[in-house]
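Engineer: When we follow my numbering, the leftmost residue of the sequence shown carries the number 498, and every step to the right adds one.
The structure follows.
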Amino acid sequence: MTRTFSHFVGIDWSGAKGKRHAGLAIAVCPAGNEAPSIVAPPSGNKNWSRSEIGDWIAGGMELPSGTRALIGIDSAFSLPFIDEGAYLPCEMLPDAAPDLWPFVDQKSAGAADLFAGPFVEAFADHYHRPSAKGKRYKRRMRVTETLAVTSGAGPCESVFHLIGPSQVGLSGLSTVRMLARLHGQNGISIWPYEEPDGDTVLVEIYAAAFAKLGGHRGKIKGLDDLNTVLGSLNSQKMEAMPDTAREGEHAADAIVTAAGLRIIACERKYWHPDNLSTKVRRTEGWIFGIL
Numbered sequence: 498m499t500r501t502f503s504h505f506v507g508i509d510w511s512g513a514k515g516k517r518h519a520g521l522a523i524a525v526c527p528a529g530n531e532a533p534s535i536v537a538p539p540s541g542n543k544n545w546s547r548s549e550i551g552d553w554i555a556g557g558m559e560l561p562s563g564t565r566a567l568i569g570i571d572s573a574f575s576l577p578f579i580d581e582g583a584y585l586p587c588e589m590l591p592d593a594a595p596d597l598w599p600f601v602d603q604k605s606a607g608a609a610d611l612f613a614g615p616f617v618e619a620f621a622d623h624y625h626r627p628s629a630k631g632k633r634y635k636r637r638m639r640v641t642e643t644l645a646v647t648s649g650a651g652p653c654e655s656v657f658h659l660i661g662p663s664q665v666g667l668s669g670l671s672t673v674r675m676l677a678r679l680h681g682q683n684g685i686s687i688w689p690y691e692e693p694d695g696d697t698v699l700v701e702i703y704a705a706a707f708a709k710l711g712g713h714r715g716k717i718k719g720l721d722d723l724n725t726v727l728g729s730l731n732s733q734k735m736e737a738m739p740d741t742a743r744e745g746e747h748a749a750d751a752i753v754t755a756a757g758l759r760i761i762a763c764e765r766k767y768w769h770p771d772n773l774s775t776k777v778r779r780t781e782g783w784i785f786g787i788l
């Protein structure tokens with residue numbers, strides 16, 4: 498990296514159906530060691546919407562002029578491709594992630610707040626849903642997800658497995674819809690599909706990997722746990738957490754992500770992982786922080 502970042506943003510994401518979601522949380526911290534702070538929706542609503550987050554990013558995140566921000570989103574930016582040589586075998590889909598994003602967005606047109614259920618319905622044969630297992634379903638993983646598991650960063654679920662609380666497929670597809678709108682906007686770069694030289698750089702992250710970097714495994718259950726992790730990430734402590742346990746859990750992930758990004762963003766190895774080939778970069782992308 499030739500240009501340093503002035504701010505670091507952690508976003509915990511949700512792919513749930515609906516317009517506003519308790520599972521969405523944003524934290525921001527400046528360069529240095531100041532503790533991250535939770536960002537409230539500019540609309541004044543209690544919870545963020547996905548569309549509002551996209552608008553907030555595009556509008557500069559209410560940060561000072563001259564800001565250069567690294568944004569980590571705890572969600573998948575693409576689908577598996579390398580294992581089968583296609584995103585969805587036997588289907589007519591693009592063969593590069595930046596082309597996949599608008600394809601998913603168009604297939605889900607009309608679904609509120611970037612929900613991507615219509616895409617899953619259109620290609621149900623490839624998904625394992627509570628109602629049925631598709632005849633082409635396989636528990637496929639991207640290269641970076643497989644490495645996250647084997648490296649001990651944490652468990653990863655296939656984006657095609659849509660059963661249980663660990664399912665992440667709808668989350669990723671809704672993120673893809675947002676990326677379709679942000680891609681190509683002035684000053685925004687989406688890594689690793691583009692060089693990270695914009696004033697705003699978006700990366701996919703895995704919050705559990707940053708918690709592990711801070712010496713913690715499992716859920717962060719309270720302020721003491723959170724501050725222990727922050728201390729290990731060279732950050733000052735938080736004074737308080739959101740009141741409810743559920744909101745606190747998502748806020749903690751966003752906070753740890755922001756602090757974690759701050760300490761690894763300057764290290765070249767994270768921008769050039771060994772297994773990030775040209776083909777992987779173009780099709781599947783990468784989880785920033787996984788080596």
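Glycine included, C-beta positions come from ideal geometry on N, C-alpha and C.
1) Between the alpha carbons of G661 and S562, how many angstroms are there, rounded?
2) Answer yes if the segment 767-784 comes into contact with the segment 623-632, meaning at least three C-beta pairs across the two stretches below 8 Å, and no otherwise.
3) Report the CB separation of V656 from G666 in whole angstroms; it is logged as a contact under 8 Å.
4) Given P599, which residues of its chain have a CB within under 7 Å of its CB, disregarding the five upstream and five downstream residues?
5) So for V536, helix, strand or coil by DSSP?
6) Does H769 come out as helix, strand or coil in the three-state DSSP assignment?
7) What's the call for T780, buried or exposed, on a 16-neighbour Cβ count within 10 Å?
8) Decide if T697 is buried, meaning its Cβ has at least 16 other Cβ atoms within 10 Å, or exposed.
9) Under the rule that 16 or more other beta-carbon atoms within 10 Å means buried, what is S648, buried or exposed?
10) Count the other C-beta atoms from every protein chain shown that fall within 10 angstroms of the C-beta of D592, then say buried if there are 16 or more, exposed otherwise.
11) Pick helix, strand or coil for G569, following the three-state DSSP scheme.
12) Taking buried to mean at least 16 other C-beta atoms within 10 Å of its own C-beta, is M589 buried or exposed?
13) Can you grab the Cα-Cα spacing for the pair K709 / I579, in whole Å?
14) For P527, write down the residues that DSSP places opposite it in a beta bridge.
15) By how many angstroms is the C-alpha of D722 removed from the C-alpha of T741?
16) With distances taken between CB atoms, is the gap from G556 to T754 smaller than 8 Å?
17) Can you tell me where the alpha helix (DSSP H) holding L667 begins and where it ends?
18) Tell me whether E701 sits in a helix, a strand or coil according to DSSP, three-state version.
19) Going by DSSP in three states, D610 sits in which element: helix, strand or coil?
20) Cα separation between G728 and R778?
21) Cα separation between A583 and E736?
22) Going by beta-carbon coordinates alone, are G715 and L730 separated by less than 8 Å?
23) In whole angstroms, what separates the C-alpha of E642 from that of A573?
24) How is D509 classed by DSSP in three states: helix, strand or coil?
Structural biologist: Here's the rundown:
1) Position 164 of the sequence shown holds residue 661. Position 65 of the sequence shown holds residue 562. When rounded, the distance between both Cα atoms is 43 Å.
2) no
3) Locating residue 656 in the sequence shown gives position 159, where the first residue counts as 1. Locating residue 666 in the sequence shown gives position 169, where the first residue counts as 1. About 4 Å separates the two Cβ atoms, so the contact holds.
4) Counted from its first residue, the sequence shown places residue 599 at position 102. Here the set comprises A677.
5) As a working note, residue 536 is residue 39 in the sequence shown. Here V536 sits in coil by DSSP.
6) The count along the sequence shown starts at 1 and reaches residue 769 at position 272. In this structure, H769 counts as coil in the three-state DSSP scheme.
7) One-based indexing of the sequence shown puts residue 780 at position 283. It is buried - the Cβ of T780 has at least 16 other Cβ atoms within 10 Å.
8) Reading the sequence shown from its first residue, position 200 is the one you call residue 697. Buried, since its Cβ has 16 or more Cβ neighbours within 10 Å.
9) As a first step, residue 648 is located in the sequence shown; it is residue number 151 there, counting from the start. Burial call: exposed.
10) For the purposes of this step, residue 592 is taken as the residue at position 95 of the sequence shown. With fewer than 16 other Cβ atoms within 10 Å, it is exposed.
11) Along the sequence shown, one-based indexing puts residue 569 at 72. DSSP places G569 in strand when its eight states are reduced to three.
12) Translated into the one-based positions of the sequence shown, residue 589 becomes position 92. It is exposed - the Cβ of M589 has fewer than 16 other Cβ atoms within 10 Å.
13) Counting from one through the sequence shown, the residue named residue 709 turns up at place 212. Counting from one through the sequence shown, the residue named residue 579 turns up at place 82. About 27 Å.
14) The residue labelled residue 527 in the question sits at position 30 within the sequence shown. In DSSP, P527 forms a bridge with H504.
15) Locating residue 741 in the sequence shown gives position 244, where the first residue counts as 1. Locating residue 722 in the sequence shown gives position 225, where the first residue counts as 1. For T741, the predicted model reports a pLDDT of 47, less than 50, meaning its position is unreliable; a value from the coordinates is still stated below. So the alpha carbons of these two residues sit roughly 16 Å apart.
16) Within the sequence shown, the letter at position 59 stands for residue 556. Within the sequence shown, the letter at position 257 stands for residue 754. No; because the gap between Cβ atoms is not below 8 Å, this pair is not in contact.
17) Numbered from 1 along the sequence shown, position 170 holds the residue referred to as residue 667. For L667, the enclosing alpha helix (DSSP H) covers residues G666 to L679.
18) On the sequence shown, residue 701 is found 204 positions in, with the first residue counted as 1. Reduced to three states, the DSSP call for E701 is strand.
19) Here the question's residue 610 lines up with position 113 in the sequence shown. Helix at D610.
20) Sequence index remark: in the sequence shown, residue 728 carries index 231 (1-based). Sequence index remark: in the sequence shown, residue 778 carries index 281 (1-based). Between G728 and R778, the C-alpha separation is close to 33 Å.
21) As a first step, residue 583 must be located in the sequence shown, where it is residue number 86. As a first step, residue 736 must be located in the sequence shown, where it is residue number 239. A583 and E736: Cα-Cα distance of roughly 48 Å.
22) As a first step, residue 715 must be located in the sequence shown, where it is residue number 218. As a first step, residue 730 must be located in the sequence shown, where it is residue number 233. It is not a contact, given that the beta carbons lie outside the stated cut-off.
23) Position 145 of the sequence shown, counted from the start, is the residue given in the question as residue 642. Position 76 of the sequence shown, counted from the start, is the residue given in the question as residue 573. Using only the alpha carbons, I get a separation of about 10 Å.
24) Taking the first residue of the sequence shown as position 1, residue 509 is located at position 12. Three-state DSSP puts D509 in a strand.
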